[in-house]
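In my numbering, the protein residues as written are 8 to 213.
A short worksheet on the structure shown next.
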């Protein structure tokens with residue numbers, strides 16, 4: 008790694024904090040999904056609707072974590088763009104575009120989910136089902152757009168040796184997995200590991 012690169016200080020410190028924050032948000036979201044909401048509710052719209060009406064805390068927390076994840080992702084997009092753009096300006100511009108598209112889709116997913124939860128008692132079953140479908144599509148689209156960002160950033164970082172090689176290969180695997188529907192849980196777990204690795208790499212480089 009090019010430790011003398013000026014982006015490392017103080018930007019690397021900020022990026023390291025954002026990476027660890029992103030890992031925390033993803034870890035907390037995974038915990039809430041598995042133990043707060045539950046696998047059965049996640050796969051059953053009727054159970055999810057009942058949860059939204061009678062015990063919405065876990066759903067609201069999940070949406071709050073999406074906002075935290077979006078905020079940390081924005082920081083990482085800027086930090087890695089600054090880190091890589093002198094080596095591959097065209098590719099990093101494309102990566103930044105897909106990164107912010109992913110953030111926008113995630114925010115739309117979170118906002119619509121908050122609306123659906125807050126209005127769950129007043130919505131008909133058909134409207135609720137439609138909203139859940141749109142929320143799911145937005146979430147899947149966010150994962151796929153983020154996958155393109157992972158692919159471009161890690162490919163560029165590997166080619167320019169601006170990040171550890173092992174971390175780049177992990178990021179490429181993460182990006183490829185993000186493009187495969189229904190791999191969301193695997194992508195979430197892999198994303199936590201990658202974010203932790205990125206945080207360590209940036210912390211060491213500052």
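We treat Cβ as the ideally placed atom computed from N, Cα and C, and that holds for glycine.
Computed from a predicted structure; not experimentally measured.
Check: Among 122, 163, 96 and 77, the one whose alpha carbon lies nearest that of residue 135; Outcome: 122
Check: Sequence ranges, alpha helix (DSSP H) only - wholly within the stretch 105 to 193, length at least 4; Outcome: 132 to 167 and 172 to 185
Check: Beta-carbon separation (whole angstroms), residue 206 vs residue 181, contact threshold 8 Å; Outcome: Contact flag wrong, Cβ pair sits at about 15 Å.
Check: Residue closest to residue 144, alpha-carbon to alpha-carbon, out of 125, 109 and 24; Outcome: 109
Check: Length of the line joining the Cα atoms of residue 130 and residue 140; Outcome: 14 Å
Check: Beta-carbon proximity check, residue 87 vs residue 35, cutoff 8 Å; Outcome: no
Check: Three-state secondary structure assigned by DSSP to residue 93; Outcome: coil
Check: Inter-stretch contact at 8 Å, needing at least 3 Cβ pairs: the stretch 77 to 94 / the stretch 51 to 68; Outcome: no
Check: Whole-angstrom distance between residue 124 and residue 67, CA atom to CA atom; Outcome: 8 Å
Check: Burial state of residue 69, where buried means 16 or more other Cβ atoms lie within 10 Å; Outcome: buried
Check: Endpoints, the alpha helix (DSSP H) within which residue 29 is located; Outcome: 18 to 38
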